[in-house]
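K.L.:
Let me give you the structure first, and then I'll get to my questions.
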Amino acid sequence: MVQRLTERDFEFHLGYLGRAAQTAILADIRDVVKQAPMIQPMTPQRQKMSVRMTSAGRFGWIADPDGYRYDQRQPSGKTWPDIPRSILKIWRAVSGVTRDPDCCLINFYGEGARLGMHQDKDEGSFDWPVVSISLGDEALFRMGDVTRGGKTSSVWLKSGDVVVMGGAARLKYHGVDRIKFGSSPLLKKGGRINLTLRVAG
Ligand code: SIN
Ligand code: FE2
Numbered sequence: 004m005v006q007r008l009t010e011r012d013f014e015f016h017l018g019y020l021g022r023a024a025q026t027a028i029l030a031d032i033r034d035v036v037k038q039a040p041m042i043q044p045m046t047p048q049r050q051k052m053s054v055r056m057t058s059a060g061r062f063g064w065i066a067d068p069d070g071y072r073y074d075q076r077q078p079s080g081k082t083w084p085d086i087p088r089s090i091l092k093i094w095r096a097v098s099g100v101t102r103d104p105d106c107c108l109i110n111f112y113g114e115g116a117r118l119g120m121h122q123d124k125d126e127g128s129f130d131w132p133v134v135s136i137s138l139g140d141e142a143l144f145r146m147g148d149v150t151r152g153g154k155t156s157s158v159w160l161k162s163g164d165v166v167v168m169g170g171a172a173r174l175k176y177h178g179v180d181r182i183k184f185g186s187s188p189l190l191k192k193g194g195r196i197n198l199t200l201r202v203a204g
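Just so we're aligned, residue 4 is where the sequence shown starts under this note's numbering, counting upward by one.
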């Protein structure tokens, strides 16, 4: 049963993907990672992020000491692998728009990894939603407002949950406080994968 929930204008499709769909997507992600290895980025503030990442699509999202941006090439110079169809299918079903995304950012959260509160604002236009797909361990997802600070609320995201950040939620601050390492059997060694689909340019 998919549970629909709106919280601070973020749209949640809780339990959207069943176990078979999650396993199929995981296999597709492993193919992507073979062609575009995960890296642990260093931010412009020269802090190592605790999250590891890679991308699929025409553009990948890059964080390095030069800044945050979308790039058509991996740090190795190669282009990014295509976004797997199993993932595009979810965007087409929940995004509410007819244009396909051109970036799928793949974040991996190992034990102790977190993602500070931020806005997704490196895209050329904020008229398109961002769709987030959670796989593996549970994560405490925190949502705020369009300005930093102020009241926030949070939801535990589980494997198979899908979140749409569009409309009034598109530029709202959000982040991941922590994961419950080992809470899901999907990834044999534990951890969480989050996919965010974006229209970059
Ligand atoms: C992100 O904001 O880029 C990822 C959110 C998440 O991991 O749930
Ligand atoms: Fe984000």
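Even for Gly, the Cβ is constructed at its ideal location relative to N, Cα and C.
Because the structure is a prediction, the values reported are computed rather than measured.
(1) Have a look at S137 and E10 and give me their C-alpha separation to the nearest angstrom.
(2) Leaving out five residues on either side along the sequence, give the residues of the same chain with a beta carbon under 8 Å from the beta carbon of A39.
(3) Quick one: give me the first and last residue of the beta strand (DSSP E) that A59 is part of.
(4) What does the alpha-carbon distance come out to for the pair I109 and T199?
(5) Quick one: what does DSSP say T101 is sitting in, helix, strand or coil?
(6) In the DSSP assignment, find the unbroken beta strand (DSSP E) run with D180 in it and report its ends.
(7) Cutting at 6 Å between CB atoms, please list the residues of its own chain near D164, excluding the five before and the five after it.
(8) Would the beta-carbon of A66 be found less than 7 Å away from any heavy atom of the ligand SAH?
(9) Take the Cβ of L160 as the centre, count every other Cβ of all protein chains shown within 10 Å, and call the residue buried at 16 or more, exposed below.
(10) Can you find a CB in chain C that lies within less than 8 Å of the CB of G178?
(11) Cβ of L91 within 8 Å of Cβ of D103?
(12) What distance in whole Å lies between the Cβ atoms of R145 and G169, which are believed to be in contact at a cut-off of 8 Å?
(13) For T26, name the three-state secondary structure that DSSP assigns.
(14) Which residue spans inside the region 108 to 153 form an unbroken beta strand (DSSP E) run of at least 3?
(15) Compute the Euclidean distance between the alpha carbons of G70 and R95, then round it to the nearest angstrom.
P.N.:
Let me lay it out:
(1) 17 Å
(2) T57, S58, A59, G63, Q77, K81, W83 and P84
(3) R55 to A59
(4) 7 Å
(5) coil
(6) H177 to K183
(7) L17 and S137
(8) The model on display carries the ligand SIN and the ligand FE2 but not the ligand SAH.
(9) buried
(10) Looking for chain C here will not work: only one protein chain is present.
(11) yes
(12) Contact flag wrong, Cβ pair sits at about 18 Å.
(13) helix
(14) 118 to 121, 133 to 139 and 141 to 146
(15) 30 Å
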